[in-house]
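In full-length UniProt numbering, the protein residues as written are 1 to 159. Note that CB positions come from ideal geometry on N, CA and C, so glycine has one too. Worksheet for the structure shown next.
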(Lines of atoms letter the chains of each structure in order from A; the text may use other names.)
(Lines give C-alpha, C1' and ligand atoms only; values in the text may rest on other atoms or scores of the structure.)
Protein backbone atom coordinates (compact mmCIF):
# COMPACT_ATOMS: atom_id res chain seq x y z
CA UNK A 1 0.00 0.00 0.00
CA UNK A 2 1.24 3.45 -0.83
CA UNK A 3 0.67 6.54 1.25
CA UNK A 4 -1.29 8.09 -1.60
CA UNK A 5 -3.84 5.24 -1.40
CA UNK A 6 -5.26 6.52 1.90
CA UNK A 7 -7.84 9.30 2.03
CA UNK A 8 -8.96 11.07 5.19
CA UNK A 9 -11.72 13.67 4.99
CA UNK A 10 -14.28 15.00 7.43
CA UNK A 11 -16.89 12.67 5.97
CA UNK A 12 -14.91 9.51 5.30
CA UNK A 13 -11.70 7.61 6.00
CA UNK A 14 -10.80 5.02 3.38
CA UNK A 15 -8.09 3.50 1.24
CA UNK A 16 -8.18 2.64 -2.43
CA UNK A 17 -6.85 -0.67 -3.66
CA UNK A 18 -5.44 0.23 -7.05
CA UNK A 19 -2.81 -2.42 -7.66
CA UNK A 20 -0.48 -4.98 -6.16
CA UNK A 21 3.22 -5.10 -5.40
CA UNK A 22 5.19 -6.55 -8.32
CA UNK A 23 8.00 -8.48 -6.70
CA UNK A 24 8.48 -11.82 -8.45
CA UNK A 25 11.93 -12.01 -9.99
CA UNK A 26 12.84 -8.45 -9.02
CA UNK A 27 15.37 -7.05 -6.61
CA UNK A 28 13.71 -5.45 -3.61
CA UNK A 29 14.86 -1.99 -4.66
CA UNK A 30 13.26 -2.50 -8.10
CA UNK A 31 9.82 -3.48 -6.86
CA UNK A 32 6.95 -1.28 -7.94
CA UNK A 33 3.22 -1.17 -7.52
CA UNK A 34 1.31 -2.49 -10.52
CA UNK A 35 -1.88 -0.88 -11.78
CA UNK A 36 -3.85 -4.15 -11.60
CA UNK A 37 -5.17 -6.48 -8.93
CA UNK A 38 -5.61 -10.25 -9.04
CA UNK A 39 -9.25 -9.84 -10.07
CA UNK A 40 -11.35 -6.96 -11.39
CA UNK A 41 -13.28 -6.85 -8.11
CA UNK A 42 -9.96 -6.25 -6.36
CA UNK A 43 -10.00 -2.61 -7.41
CA UNK A 44 -12.06 -1.11 -4.60
CA UNK A 45 -12.36 1.35 -1.75
CA UNK A 46 -12.19 0.09 1.83
CA UNK A 47 -13.52 2.15 4.72
CA UNK A 48 -11.06 2.52 7.59
CA UNK A 49 -11.78 2.48 11.30
CA UNK A 50 -10.48 5.16 13.63
CA UNK A 51 -7.87 2.66 14.88
CA UNK A 52 -6.72 1.94 11.32
CA UNK A 53 -6.26 5.67 10.73
CA UNK A 54 -4.18 5.90 13.93
CA UNK A 55 -1.97 3.06 12.67
CA UNK A 56 -1.70 4.78 9.28
CA UNK A 57 -0.60 8.04 10.90
CA UNK A 58 2.00 6.26 13.00
CA UNK A 59 3.28 4.38 9.94
CA UNK A 60 3.70 7.70 8.11
CA UNK A 61 6.24 8.82 10.67
CA UNK A 62 8.12 5.52 10.49
CA UNK A 63 8.75 5.64 6.75
CA UNK A 64 9.14 9.31 5.77
CA UNK A 65 11.41 8.59 2.79
CA UNK A 66 9.25 6.06 0.95
CA UNK A 67 6.02 6.15 -1.02
CA UNK A 68 5.11 2.80 0.54
CA UNK A 69 3.35 2.77 3.87
CA UNK A 70 4.91 -0.28 5.49
CA UNK A 71 8.65 -0.42 4.88
CA UNK A 72 11.87 -1.88 6.19
CA UNK A 73 14.61 0.26 7.72
CA UNK A 74 15.98 0.54 4.15
CA UNK A 75 12.69 2.13 2.97
CA UNK A 76 11.80 -0.86 0.81
CA UNK A 77 8.36 -2.48 0.99
CA UNK A 78 8.00 -5.14 3.68
CA UNK A 79 7.84 -8.53 1.99
CA UNK A 80 4.99 -10.93 2.79
CA UNK A 81 7.54 -13.73 2.97
CA UNK A 82 9.34 -11.92 5.80
CA UNK A 83 6.10 -11.51 7.76
CA UNK A 84 5.16 -15.14 7.11
CA UNK A 85 8.59 -16.30 8.33
CA UNK A 86 8.16 -14.24 11.51
CA UNK A 87 4.72 -15.76 12.11
CA UNK A 88 6.09 -19.30 11.64
CA UNK A 89 8.92 -18.70 14.13
CA UNK A 90 6.67 -17.11 16.75
CA UNK A 91 3.39 -19.01 16.27
CA UNK A 92 3.61 -21.01 19.51
CA UNK A 93 4.25 -17.86 21.53
CA UNK A 94 1.13 -16.38 19.90
CA UNK A 95 -0.93 -19.38 21.01
CA UNK A 96 -0.99 -21.39 17.79
CA UNK A 97 -0.36 -25.13 17.73
CA UNK A 98 3.17 -26.12 16.66
CA UNK A 99 1.86 -28.12 13.68
CA UNK A 100 -0.49 -25.41 12.43
CA UNK A 101 0.43 -23.78 9.14
CA UNK A 102 0.19 -20.02 9.54
CA UNK A 103 0.61 -17.09 7.19
CA UNK A 104 -0.63 -13.54 6.79
CA UNK A 105 -3.72 -14.99 5.09
CA UNK A 106 -5.02 -16.00 8.53
CA UNK A 107 -5.68 -12.31 9.21
CA UNK A 108 -8.07 -12.22 6.25
CA UNK A 109 -10.05 -15.14 7.69
CA UNK A 110 -10.08 -13.52 11.12
CA UNK A 111 -11.18 -10.16 9.72
CA UNK A 112 -14.10 -11.73 7.88
CA UNK A 113 -15.17 -13.77 10.92
CA UNK A 114 -14.99 -10.75 13.21
CA UNK A 115 -17.04 -8.64 10.79
CA UNK A 116 -19.70 -11.37 10.78
CA UNK A 117 -19.50 -11.62 14.56
CA UNK A 118 -20.39 -7.95 14.99
CA UNK A 119 -23.27 -8.26 12.56
CA UNK A 120 -21.92 -6.80 9.32
CA UNK A 121 -24.14 -8.10 6.48
CA UNK A 122 -22.60 -10.78 4.28
CA UNK A 123 -22.91 -8.73 1.07
CA UNK A 124 -20.96 -5.86 2.69
CA UNK A 125 -18.22 -8.25 3.85
CA UNK A 126 -18.10 -9.79 0.37
CA UNK A 127 -17.54 -6.42 -1.28
CA UNK A 128 -15.00 -5.34 1.34
CA UNK A 129 -12.79 -8.37 0.69
CA UNK A 130 -13.27 -8.45 -3.10
CA UNK A 131 -15.05 -11.77 -3.44
CA UNK A 132 -16.99 -12.15 -6.66
CA UNK A 133 -19.81 -13.91 -4.80
CA UNK A 134 -21.19 -14.21 -1.27
CA UNK A 135 -20.85 -17.98 -1.60
CA UNK A 136 -17.04 -17.80 -1.47
CA UNK A 137 -17.18 -15.59 1.61
CA UNK A 138 -19.74 -17.80 3.35
CA UNK A 139 -18.29 -21.23 2.55
CA UNK A 140 -14.57 -20.60 2.83
CA UNK A 141 -14.01 -17.66 5.12
CA UNK A 142 -16.83 -17.45 7.65
CA UNK A 143 -15.72 -19.32 10.74
CA UNK A 144 -17.95 -19.66 13.75
CA UNK A 145 -16.26 -17.82 16.60
CA UNK A 146 -16.63 -18.52 20.31
CA UNK A 147 -18.60 -15.29 20.67
CA UNK A 148 -21.01 -16.40 17.94
CA UNK A 149 -21.54 -19.70 19.78
CA UNK A 150 -22.14 -17.87 23.06
CA UNK A 151 -24.52 -15.37 21.45
CA UNK A 152 -26.47 -18.21 19.84
CA UNK A 153 -26.70 -20.01 23.17
CA UNK A 154 -28.04 -16.82 24.79
CA UNK A 155 -30.59 -16.34 21.99
CA UNK A 156 -31.75 -19.95 22.27
CA UNK A 157 -32.34 -19.41 25.99
CA UNK A 158 -34.91 -16.76 25.05
CA UNK A 159 -37.07 -19.31 23.19
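Best match in the options for proximity to residue i [C-alpha to C-alpha]
{"i": "residue 108", "options": "143, 27, 86, 72", "result": "143"}
{"i": "residue 13", "options": "31, 51, 27", "result": "51"}
{"i": "residue 82", "options": "119, 103, 95", "result": "103"}
{"i": "residue 77", "options": "1, 154, 158", "result": "1"}
{"i": "residue 148", "options": "86, 158, 72, 113", "result": "113"}
{"i": "residue 140", "options": "95, 91, 3, 122", "result": "122"}
{"i": "residue 38", "options": "49, 10, 20, 53", "result": "20"}
{"i": "residue 8", "options": "22, 48, 31, 32", "result": "48"}
{"i": "residue 118", "options": "98, 60, 101, 146", "result": "146"}
{"i": "residue 84", "options": "106, 60, 71", "result": "106"}
{"i": "residue 31", "options": "11, 54, 58, 79", "result": "79"}
Residue burial classification, residue i (beta-carbon count within 10 angstroms, cutoff 16)
{"i": "residue 56", "result": "buried"}
{"i": "residue 150", "result": "exposed"}
{"i": "residue 34", "result": "exposed"}
{"i": "residue 6", "result": "buried"}
{"i": "residue 63", "result": "buried"}
{"i": "residue 115", "result": "buried"}
CB of residue i within 7 Å of CB of residue j, strictly
{"i": "residue 137", "j": "residue 125", "result": "yes"}
{"i": "residue 45", "j": "residue 16", "result": "yes"}
{"i": "residue 65", "j": "residue 75", "result": "yes"}
{"i": "residue 42", "j": "residue 130", "result": "yes"}
{"i": "residue 153", "j": "residue 69", "result": "no"}
* To do: Could you pull out every unbroken alpha helix (DSSP H) segment of at least 4 residues lying fully inside the region 45–130, listed in chain order?
  => 50–62, 80–90, 105–117, 122–128
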